[in-house]
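> Structure in structure tokens, see below.
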Amino acid sequence: MDFLNAIVLIANFVIVPALTYGSQLALGAIGVTLIYGILRFANFAYGDLMAFGTMISILITWKFQSMGITFGFLPTALLALPFAVVVTIIVSLIFDKYIFEYYRIKKSPGVTLIVVSLGLMFVLNGIVRIVIGTGDKQFFDGHKFLIKANEFKELTGLNEGLAIKSTQLITLITTVIIALMLFWFLEKTKTGKSMRAYSNNEDLALLSGIDPSRVVMITWVIASILATVAGTLYGLDKSFKPFTYFNNLLPIFAAAIVGGIGNPIGAFFGGFLVAFSEIMITYAYKKVLIYLLPESLEPTSLMQLLSTDYKFAVSFSILVIVLLFRPNGIFKGKVL
Amino acid sequence: MRENENVILSFAIMAVLIVFVGVFQSWGVALSILNLCLISAVMSIGVNIQWGYAGLINFGVMGFTALGGLAAVLVSVNPVREAWSVGGIEILVSIGLILLLVLAIKVISKKIVPSKKRNILIGIIIVLFIIIIRTISGPAIEAIESVNPATQGFLGGLGLPIIFSWIVGGLFAALVAFVIGKVALGLRSDYLAIATLLISGIIVSIVKHEDWLSRGVKNVIGMKRPAPYEIDLQQAEWFINLVTFLNSSKLNLINDVIKKEKFLNQLVMDASTIFVKLCFAGLFSTVVIILLILTQKALYSPWGRMMRAIRDNEEAAKAMGKNVVKQHLNIFIIGSSIIGMAGAMLVTYDGLFTPVSYQPLRYTFLIWIMVIIGGTGNNYGSVLGAFIVWFLWIEAAPISLFLINILTSNIDHSNEFKKHLINSVPYFRFIIMGIGLLFIMRYRPKGLLPEKIKIQKI
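Top to bottom, those sequences are chains S and P.
Heads up, the first sequence is in this note's numbering, so the first residue is 318 and it goes up one at a time.
Heads up, the second sequence is in this note's numbering, so the first residue is -12 and it goes up one at a time.
Quick look at the structure:
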């Protein structure tokens, strides 16, 4: 019984939150890594693109809510998501056309493009703050909990409860579906293969007749889909604040690099790796150990490796360690 | 010589703009813009040394600024004796243990051949040390933080004049830059950008959460000043006489004695804040001028030529026998220590240390915009960039309010859209900065004052 209690405790405070957070990071990291692989620069505007996409889906959700349209027990935001995705795609294609294309044709070094993306970051940041403000925005509706801690306790008779929010399940399912679709697209379709070829060796890809502008366009489309979905899921799960999206960019970068930048599968696992280590290292294991150990060995301290204040620092340290020992990431990078 | 004219002309325009603010808004605002422009100029000189001279991307500006701020706290705040007596020794021992740990890892990785066993050994040692350090420092930290938590709750500093912290801040930043450089400088340039950004995040989170060191989010307020205090000035005989003398024509117009007294009081109050800001401006511009002279000398010395050679063609420089890695490390340390100095100057000017205010947008990316708009590789350019960008950053809100009012002048005041726009005026600065950067990158990629390259005739 104690053993089960310990497992439930860990599931409730470590596994479920880490899976949710990891999914959100994984989607973002795939977006960053795709842009890096195809367009060959680290896009610092990606966090704010996520914020922008989320803002659009919030606005559409509010519109739907005011019109009385809901999505049953699911949040209305999921209904608004496809429209938001379309808007974000259009916006990022416009940005590509008027900002990034020039440097691509000029074959500017990646460093220049980083600086350009900083400019775009500021612009998007400003737009989001002007349109929706800096405060906390709630746009969640529908059923909040799949199972509440109390219900779980009554159901199983255990001391510890397991609470699963519906947004957590939605996040996980959406992430798995999108990731599977994306990997199928990259592995099996002709367009996906041409993207991988372009990422692997640009000159050879051009020689074999791959249209670079098409590849670039599809990259932006996929990246915008991922940004909007990841951003909206994050906003549903926590709450929307433009500021947090920039902060999330950093663990996303960490995830992308840890997985080997340019490698979508690596980025996917990198996201979960970063999320799990962030939560596992900052979790206080005192209660778990009380369940597991005999009474004489019970710990008196919190049994916490690092305080939760250092959550972000954990992902950064993982990145630094990976960069030191395996600069190409855990999975080999630079190949789509 | 045309370039020199450009430099003088653009700085003259900047001076006119600041005077303009002084005349139309107030001299207090104008001087605080000037002071922050000067501090930003120091930061952008630091970034320019790294990016313009050597092509290193350092997105860790925020971290070094925070270190400088921490230095200001540790140097100038009076030591909290009670806190030292309850936990000082344990903290010192813990710091010693951390140094010992680093030393041990160094020795192990040097003496034992790389293998899996060695890595495990290092891992075990790290975990062991962390446990020991936490058991020693944990109670001590708790004890320190419970000493008078409303105003103290930390070890305090050395109680020295704050101006020393400018040098100490530079040293702190240099030390950390040495460590970061050792770790990260071998990376590709885009990795370096991300790594420095993340490491600066770690530094700020340490400053934010180690309350025993920096009071963390509780902030340190009321720091010392190298300039006189307003209240002292308002009571000083010579200062009142000076104000009376400067405004004698205005004062003579008033006949009523009480009114005259009141007016004089008001004048003295205004003048005292302006005087304090002028003192700061004097100190800061001395630093900027000294830095400009030194960096200009360095840029056109053999060392500067070597740095440019490394930047433009690393392989060729290596072939010429230049130690690229070492030079990169040097320049990373020099640039970062200048940024650290600016961080200490900033805290000195504000008189308070607020770790929460260290945001990458403001302290890293804004400085980068300054360098790029001003002109990479040109010290005058980066100073000019600092002035322009900071001026716009502050004045963006009034300017955009003015524009919104003109553009929507035919829309009624109760219109929701107009109200919303006016409420979000502070955020227009982000858009202005972003668009400015995008335009400069597109149409004048070398910045407003491009790098001067002297070609020597043989």
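No residue lacks a Cβ here, since even glycine has one placed at the ideal position from N, Cα and C.
1) Pick helix, strand or coil for TRP207/P, following the three-state DSSP scheme.
2) CB of LEU254/P to nearest heavy atom of the ligand MG: below 6 Å?
3) Extract the residue ranges of the alpha helix (DSSP H) inside the region 213 to 251 of chain P, only unbroken runs of 4 or more that lie entirely within it.
4) What is the rounded straight-line gap between the Cα of GLN221/P and the Cα of ASN252/P?
5) Name the chain S residues that come within less than 9 Å of TRP377/P, Cβ to Cβ?
6) In chain order, what are the residue ranges of uninterrupted alpha helix (DSSP H) at least 4 long that sit wholly in the region 352 to 434 of chain P?
7) Compile a chain-ordered list of the residues in the region 6 to 37 of chain P whose CB is closer than 7 Å to at least one CB of chain S.
8) Going along chain P, which residues have a C-beta under 8 Å from ASP626/S?
9) Helix or strand or just coil, what does DSSP make of LEU391/S?
10) Return the CA-CA distance between ALA268/P and ILE347/S, expressed in angstroms with no decimal places.
11) Mapping DSSP to helix, strand and coil, what is LEU366/S?
12) State buried or exposed for ASP299/P, treating a residue as buried only when at least 16 other CB atoms are found within 10 Å of its CB.
13) Is it true that the CB of LEU479/S sits closer than 7 Å to the CB of ASN329/S?
14) Do ALA397/S and THR378/S count as a contact pair if the criterion is CB distance below 7 Å?
15) Would you mind telling me which residues of chain S sit closer than 9 Å to TRP355/P, beta carbon to beta carbon, in chain order?
16) Going by DSSP in three states, LEU653/S sits in which element: helix, strand or coil?
17) Expressed to the nearest angstrom, what Euclidean distance is found between the alpha-carbon atoms of ILE354/P and GLU69/P?
18) Give me, in chain order, the residues of the same chain whose beta-carbon lies closer than 8 Å to that of LYS247/P; leave out the 5 immediate sequence neighbours on both sides.
19) What residues in the region 440 to 457 of chain S bring their beta carbon closer than 9 Å to a beta carbon of chain P?
20) What do you get for MET447/P, buried or exposed, if any count of 16 or more other CB atoms within 10 angstroms of its CB means buried?
21) Quick check: the Cα distance between TYR414/P and PHE262/P, rounded to an integer number of angstroms?
22) Please determine, among PHE232/P, ILE391/P, ASP219/P and VAL244/P, the residue with the shortest C-alpha to C-alpha distance to THR260/P.
23) Which bits of chain P does TYR301/S rub up against, with CB to CB less than 8 Å?
24) If you count every other CB in all the chains shown that lies within 10 Å of the CB of VAL10/P, and 16 or more means buried, which is it?
25) Indicate whether at least one CB of chain B lies closer than 7 Å to the CB of MET420/P.
26) State the Cα-Cα distance for the pair ILE118/P and GLU595/S, rounded to the nearest angstrom.
27) My output table needs one value for ALA130/P: the three-state DSSP class, helix, strand or coil.
28) One question on the structure: do TRP537/S and LEU410/S come within less than 7 Å of each other, judged by their Cβ atoms?
29) Identify which residue in LEU590/S, MET512/S, ALA368/S and ILE332/S has its Cα closest to the Cα of THR545/S.
30) Under a three-way DSSP split, which group does PHE326/P fall into?
31) Nearest by alpha-carbon distance to ARG448/P: which of TYR430/P, LEU43/P, THR122/P and PHE141/P is it?
32) The alpha helix (DSSP H) with ILE569/S in it runs from where to where?
33) Going by beta carbon distance, what residues of the same chain come within less than 8 Å of ALA214/P, once the five residues before and after it are set aside?
34) By alpha-carbon positions, which one of MET210/P, LEU86/P and LYS195/P ends up nearest to VAL166/P?
35) Are the CB atoms of SER124/P and SER63/P within a distance shorter than 7 Å?
36) Name, please, each residue of chain P whose Cβ falls closer than 9 Å to the Cβ of PRO644/S.
On the basis of the coordinates in this document:
1) The sequence as given places Val at residue 207/P; Trp does not occur at that position. DSSP places VAL207/P in strand when its eight states are reduced to three.
2) This structure does not include the ligand MG; it has no bound ligands of any sort.
3) 217 to 222, 224 to 233 and 235 to 240
4) 8 Å
5) In chain order: nothing, as chain S lies at least about 15 Å away.
6) 353 to 361, 366 to 394, 403 to 410 and 415 to 430
7) none
8) SER192, LYS195 and HIS196
9) strand
10) 48 Å
11) helix
12) exposed
13) yes
14) yes
15) VAL432 and LEU435
16) Model confidence at LEU653/S stands at a pLDDT of 43, short of 50, so the residue's coordinates are unreliable and nothing is read from them.
17) 40 Å
18) LEU238 and ILE241
19) VAL440, LEU441, ASN442, GLY443, ILE444, VAL445, ARG446, ILE447, VAL448, GLY450 and THR451
20) In this structure chain P extends from -12 to 445, so residue 447/P is not present and cannot be described.
21) 32 Å
22) ASP219/P
23) What is shown of chain S runs 318 to 653, which leaves residue 301/S out entirely.
24) exposed
25) Reference to chain B is not applicable here, since the protein chains of this structure are S and P.
26) 19 Å
27) helix
28) yes
29) ALA368/S
30) First, the residue type needs correcting, since residue 326/P is Ile and not Phe in the sequence shown. Looking at ILE326/P - three-state DSSP - the assignment turns out to be helix.
31) Here chain P covers residues -12 to 445 and nothing more, so residue 448/P does not appear.
32) 559 to 575
33) VAL263, CYS266, PHE267 and LEU270
34) LEU86/P
35) no
36) GLY173, LEU174, ARG175 and TYR178
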